[in-house]
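In what follows, a structure is listed as structure tokens, so that the remarks can point back to it.
Residue numbers (our numbering): 286 to 653.
So, in structure tokens, the structure goes:
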């Protein structure tokens with residue numbers, strides 16, 4: 286069974302009801318301080334950590350004196366605009382004593398559905414992690430309309446976990462796991478310690494959330510589990526309101542673990558390999574050998590570019606003999622790729638007029 290101790294990259298989802306006091310609308314400062322200590326503990330153990338945090342609307346509505354009932358879209362977006370500042374500052378102040386830099390990343394559903402935006406989001410998150418920062422991801426509620434919303438941070442957290450290749454996703458919730466029925470309504474409901482396959486019977490057991498601040502019910506958590514586990518990421522649901530909830534989970538607190546199917550990198554490679562290609566890159570012998578040893582494809586090794594494609598589109602990669610070596614997601618448009626083919630990465634800025642990415646296709650975005 287997956288554990289936090291065995292993980293190398295962890296995504297943690299934090300609901301509004303954990304961060305914001307239900308009665309006063311104020312930040313639960315002592316809880317956030319304990320969570321920051323948990324994050325520092327994970328990072329000290331060499332793990333990457335990404336937080337997906339609700340709370341901006343809940344914090345903003347209190348600051349603006351708005352009611353705790355459902356708000357019209359315009360008021361929700363106004364509350365988010367005020368609350369995002371407070372939320373980011375709260376994480377910054379909580380993590381700073383541990384020497385950890387917090388970074389705010391705001392996304393919408395469009396960012397994961399559009400390949401170019403997806404690649405940009407992934408590159409930004411990877412860079413932040415590489416620099417030692419902890420990304421705090423939230424839905425961009427100030428601009429998102431129903432058409433471009435996730436609508437809940439459970440699925441957003443799962444998408445982030447898939448995007449960054451996390452091996453563990455933790456949903457800190459107002460319940461301590463997945464139950465056979467809603468435990469708030471049925472005293473006989475039993476919690477599952479482990480779920481290896483999400484069957485129709487399991488899906489039928491999911492009910493709606495009972496929290497006054499959290500929108501995500503158990504149905505959204507199952508959808509998140511499906512998305513995460515299919516990408517090789519194990520997922521846990523556990524009670525999050527206790528102090529130091531991540532340490533508590535690692536020490537055996539009540540929870541439900543959903544078993545990953547494979548590993549994140551293998552799942553991502555299968556996803557890329559199954560895409561319909563939009564163009565073709567023919568590479569020289571040196572580049573072909575470099576790809577076989579796990580390196581990225583640099584412009585210098587490209588000899589011919591075919592097709593009309595955009596950033597993020599899947600491309601076939603052919604060796605000098607015309608044999609297909611694999612395929613991957615382009616970091617450049619067809620026009621840009623033709624301009625920089627055969628050139629060193631340090632020449633890209635002079636050719637295109639702006640600083641681009643060193644690789645035409647990064648090894649993480651390639652199935653060979």
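Backbone N, C-alpha and C fix where the C-beta goes; we use that ideal spot for every residue, glycine too.
Just so you know, these numbers come straight off a predicted model, no measurement behind them.
The stretch 290 to 297 makes contact with the stretch 325 to 337, as at least three CB pairs between them are under 8 Å.
Taking C-beta separations shorter than 7 Å and ignoring five residues to either side along the sequence, the partners of residue 623 in its chain run 590, following chain order.
In the DSSP annotation of this structure, residue 475 is not part of any alpha helix (DSSP H), being labelled neither H nor E. In this structure, residue 439 lies away from residue 541, with their beta-carbon atoms at least 8 Å apart. Under the three-state reduction of DSSP, residue 598 is assigned to coil, being neither helix nor strand. In this structure, the CA atom of residue 409 is about 42 Å from the CA atom of residue 474.
Excluding residues up to 5 positions away in sequence, 344 lie with their Cβ nearer than 6 Å to the Cβ of residue 371 in the same chain.
At the C-beta level, residue 552 and residue 517 come within 8 Å of one another. When C-alpha distances from residue 384 are compared across 418, 393, 403 and 354, the shortest belongs to 418. The DSSP-derived three-state label of residue 415 is helix. Residue 454 is positioned such that its CB atom lies closer than 8 Å to that of residue 443.
Cβ-Cβ distances below 6 Å link residue 513 to 443, 446, 454 and 520 in the same chain, with the five nearest sequence neighbours on each side left out; the list follows chain order.
Under DSSP, residue 464 forms a beta bridge with 476. The alpha-carbon of residue 341 is positioned some 28 Å away from that of residue 329. Taking C-beta atoms as the reference points, residue 609 and residue 603 count as a pair closer than 8 Å.
Restricting attention to 322, 625 and 653, the CA atom closest to the CA of residue 575 is found in 653. When the Cα atoms are used, residue 537 and residue 309 turn out to be separated by approximately 32 Å. Within the stretch 523 to 560, the runs of beta strand (DSSP E) that reach at least 3 residues and sit entirely inside it are, in chain order, 540 to 543. When only Cα atoms are considered, residue 570 and residue 625 end up about 18 Å apart. Note on geometry: alpha-carbon atoms of residue 289 and residue 366 lie some 33 Å from one another. In the three-state reduction of the DSSP assignment, residue 508 falls in the helix class.
For residue 294, the enclosing beta strand (DSSP E) stretches over residues 294 to 299.
In this chain, the alpha helix (DSSP H) harbouring residue 380 covers 358 to 380.
From the listed residues 448, 503 and 437, the smallest Cα separation to residue 469 is found for 503. By the C-beta criterion, the stretch 552 to 565 is judged not to be in contact with the stretch 480 to 487, since fewer than 3 inter-stretch pairs fall below 8 Å. Within its own chain, the residues whose Cβ lies closer than 7 Å to the Cβ of residue 581, once the five positions on either side in sequence are excluded, are 644, 646, 647 and 648, listed in chain order.
Residue 333 is bridged by DSSP to 294. Rounded to whole angstroms, the Cβ separation of residue 627 and residue 585 is 6 Å, and the two are in contact under 8 Å.
Annotated three-state conformation of residue 338 is strand, per DSSP.
Looking only at 523, 535 and 528, the smallest Cα-Cα distance to residue 463 is reached by 523. Taking residue 563 as the centre and dropping the five residues before and after it, the same chain places the C-beta of 592, 594, 598, 599 and 600 closer than 7 Å to its C-beta, in chain order.
Counting of Cβ neighbours within 10 angstroms places residue 307 among the exposed residues, the total staying below 16. Looking at the DSSP output, residue 458 shares a beta bridge with 524. Nearest C-alpha to residue 346 among 312, 325, 319 and 374: 312. Comparing alpha-carbon positions, the option among 539, 559 and 315 lying closest to residue 375 turns out to be 315. For residue 645, the three-state secondary structure derived from DSSP is coil.
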